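**Q** Protein chains in written order, with the working numbering: chain A, 1 to 412; chain B, 1001 to 1121. Positions of the beta carbon are idealized from the N, C-alpha and C atoms, including for glycine. In this text, all values refer to a predicted model and were calculated from it rather than measured experimentally. Provided herewith is a single structure, encoded as structure tokens, for subsequent inquiry.
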């Protein structure tokens, strides 16, 4: 590590990155070129500021450098096409705010940027990569290492995403009011995917790697600040914060998986839990209810239980029943089965499982086998549980989960 | 999700791909590689040298013993692999179906294990 103030500069740059990119794109329109120019300005700042100090107006500095890069790029582009146009006027126009146009508040730019990066024409992989780079301010190398793919692979995803935006003629503006809700749902989903990716690729305590779960929380917190009245954004943030608060208890020595029921709850981050509880309570009492809020409410019930045995399962069952009604989804249905077993008895859970396992979307999913194993285990059917734990172990692609399931099978 | 596409060779495929008539097949492979590179799905891939160059290591009463040649006199040998990171197993399977080797010998698609555990709910 370099100077102790470096983390401060990093945070500042990642906070300013989307603002600079937003201002530049709003002014000039060419998202692809603006994104490159902003990245270069951020890299220049990351090199210069730790040595020369942070400029008095860091945002202005970045915007000036990015604008210069953009002009250079436009000039190079023009000369490539051997066109004899005067770029001076354009340069001046780039540096000055457009006459008569009021400066929109910076937060509008960041929100517009999020909508653009999570545009439904992009594949989920592209939405994720572009959001992390353009809004998260991460370098391509950092994103690649977070997803455990080569940098060239990630660079391709980003450049393809930018080409798609360019080819589709997407404008840098907020979606039409009648599309706002749908587009916001897409943004939340991308943030949720980034958060989950943090769990599925986590490669131990590699300090050099960007922590995707923490990054997803940072971006969702930003979205929540921009749209404080949006209940589902608050719900998503609460869900992430409450899940992330348990991170230190989730794994034991050597990366061994520890399930919720067996976790040492003193390792849970109490302050973060308090924050998550505050968020979800506020959302549930002020906004229209939605699936993220209900999932957060379920996480909250777990977090409030002093021990696994004191979990309010009837409350969780009621929440899952409501969740399944407003957002039918086979995974919610499967989680509800566990709640049925815990709130009533294992036989009731097995009956509920039999009712949903014909759903083709659950076919071959390891969670079905692991839920069955858990219920048979609770019901005292050791042979049946062992077979189901083994079946689940063969179906999972997670190494810690496989070890956990094999260990359970061996204990039967 | 990462998948490994495993490419198998039989007695005829090496000659088919590396022999004088293999140019069209190589071009087909190059085009597919370019497509997967552009889509950001290609993670990596290698072709292996001839099975005759294999060295096998087998345990014998708890100690590894080295011999020349492949493990068994099999009709098919592991010949190379492709690693892709894509949306679904259906997409990975589609890539394997389009890979020219699939017209002449077996291929297998298998998910790669990850080291994360998924959220704890």
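Straight-line CA distance for residue 416(A) to residue 37(A)?
**A** Since the displayed chain A opens at 1 and closes at 412, residue 416(A) lies outside it and no answer follows.
**Q** Chain A partners of residue 973(B), CB-CB under 7 Å?
**A** Outside the shown range of chain B (1001 to 1121) lies residue 973(B), about which nothing can therefore be said.
**Q** Helix, strand or coil: how does DSSP classify residue 172(A) here?
**A** The answer is coil: DSSP assigns residue 172(A) none of H, G, I, E or B.
**Q** Which residues in chain B have a C-beta closer than 9 Å to the C-beta of residue 352(A)? List them in chain order.
**A** By Cβ distance, chain B contributes nothing, its closest Cβ being about 17 Å from residue 352(A), past 9 Å.
**Q** Run through DSSP, which three-state label would residue 1069(B) get?
**A** Reduced to three states, the DSSP call for residue 1069(B) is coil.
**Q** Cutting at 7 Å between CB atoms, please list the residues of its own chain near residue 1063(B), excluding the five before and the five after it.
**A** The answer is none, since no qualifying residue turns up.
**Q** Could you pull out every residue in the same chain whose Cβ sits closer than 7 Å to the Cβ of residue 384(A), ignoring the five residues on either side in sequence?
**A** Closer than 7 Å at Cβ, skipping near neighbours: 376.
**Q** Can you name the residues of chain A whose CB is closer than 8 Å to the CB of residue 1085(B)?
**A** 125, 147, 149, 153, listed in chain order.
**Q** If you reduce the DSSP assignment to three classes, tell me which class residue 1017(B) lands in.
**A** DSSP places residue 1017(B) in helix when its eight states are reduced to three.
**Q** Is the shortest distance between the beta-carbon of residue 207(A) and the beta-carbons of chain B less than 8 Å?
**A** With a pLDDT of 48 at residue 207(A), under the threshold of 50, the modelled position of that residue is not reliable, and no figure is offered here.
**Q** Please name the residue or residues paired with residue 1047(B) in a DSSP beta bridge.
**A** According to DSSP, which records beta bridges pairwise, residue 1047(B) is partnered with 1080(B).
**Q** Give the residues from the region 307-325 of chain A that approach chain B closer than 8 Å (Cβ to any Cβ), ordered along the chain.
**A** Cβ contacts with chain B come from no residue of the region 307-325 of chain A.
**Q** Between the alpha carbons of residue 97(A) and residue 60(A), how many angstroms are there, rounded?
**A** Bear in mind that the predicted position of residue 97(A) carries a pLDDT of just 44, short of 50, making it too unreliable to give a figure here.
**Q** Look up residue 197(A) in the DSSP assignment and say whether it is helix, strand or coil.
**A** Three-state result, residue 197(A): helix.
**Q** List, in order along the chain, the chain A residues whose C-beta lies closer than 9 Å to that of residue 1113(B)?
**A** Under the 9 Å cutoff, chain A gives 396, 397, 398, 399, 402.
**Q** Using only the heavy atoms of the ligand GDP, determine whether one of them is closer than 7 Å to the beta carbon of residue 1037(B).
**A** Absence of the ligand GDP from the depicted structure is noted, as is the absence of any ligand whatsoever, leaving it without description.
**Q** What does a CB cutoff of less than 7 Å around residue 1112(B) pick up in its chain, not counting 5 residues either side in sequence?
**A** Within the same chain, residue 1112(B) has close Cβ partners 1002, 1003, 1004.
**Q** Measuring straight from C-alpha to C-alpha, what distance separates residue 110(A) and residue 126(A)?
**A** About 18 Å.
**Q** If you reduce the DSSP assignment to three classes, tell me which class residue 148(A) lands in.
**A** In this structure, residue 148(A) counts as coil in the three-state DSSP scheme.
**Q** What's the C-alpha gap between residue 222(A) and residue 216(A)?
**A** Their Cα atoms are separated by approximately 10 Å.
**Q** Residue 289(A) by DSSP, collapsed to three states: which one?
**A** Coil, per DSSP.
**Q** Using a beta-carbon distance below 8 Å, is residue 1045(B) in contact with chain A?
**A** Cβ-Cβ to chain A under 8 Å: no for residue 1045(B).
**Q** Which residues in chain A have a C-beta closer than 8 Å to the C-beta of residue 1080(B)? List them in chain order.
**A** None at all; the shortest Cβ gap to chain A is about 18 Å.
**Q** Could you round the C-beta distance between residue 1114(B) and residue 200(A) to whole angstroms and report it? I think they count as a contact, below 8 Å.
**A** 6 Å between Cβ atoms; contact.
**Q** Any beta carbon of chain A sitting closer than 8 Å to that of residue 1093(B)?
**A** No, because no Cβ of chain A sits closer than 8 Å to the Cβ of residue 1093(B).
**Q** Is the Cβ-Cβ distance between residue 244(A) and residue 288(A) less than 8 Å?
**A** No, they are not a contact pair.
**Q** Give a yes or no on contact between the region 1038-1048 of chain B and the region 1062-1081 of chain B, applying the rule of three or more CB pairs nearer than 8 Å.
**A** Yes: at least three Cβ pairs fall under 8 Å.
**Q** Could you tell me which chain A residues have their CB closer than 9 Å to the CB of residue 1024(B), listed as they occur along the chain?
**A** Within 9 Å Cβ-Cβ: nothing; residue 1024(B) doesn't reach chain A, min ~26 Å.
**Q** In the structure shown, what three-state DSSP assignment does residue 258(A) receive?
**A** Coil.
**Q** Going by Cα to Cα distance, which pick from 351(A), 330(A), 342(A) is closest to residue 476(A)?
**A** Residue 476(A) lies beyond the residue range present for chain A, which begins at 1 and ends at 412; the question has no answer from this structure.
**Q** Could you please give me the residues that DSSP links to residue 1108(B) through a beta bridge?
**A** Note: residue 1108(B) sits in a beta bridge opposite 1006(B).
**Q** Thinking C-alpha only, which one of 328(A), 128(A), 269(A), 132(A) is nearest residue 291(A)?
**A** Comparing Cα positions, the closest option is 328(A).
**Q** Rounding to the nearest angstrom, what Cα-Cα distance links residue 1013(B) and residue 1019(B) in this structure?
**A** Residue 1013(B) and residue 1019(B): Cα-Cα distance of roughly 9 Å.
**Q** By alpha-carbon positions, which one of 160(A), 263(A), 113(A), 75(A) ends up nearest to residue 23(A)?
**A** The option with the nearest alpha carbon to residue 23(A) is 113(A).
**Q** Answer yes or no: does any C-beta atom of chain B fall closer than 8 Å to that of residue 279(A)?
**A** No - not a single Cβ of chain B is within 8 Å of the one on residue 279(A).
**Q** Using only the alpha-carbon positions, how far apart do residue 1072(B) and residue 124(A) sit?
**A** If I take the Cα positions, the gap works out to 43 Å.
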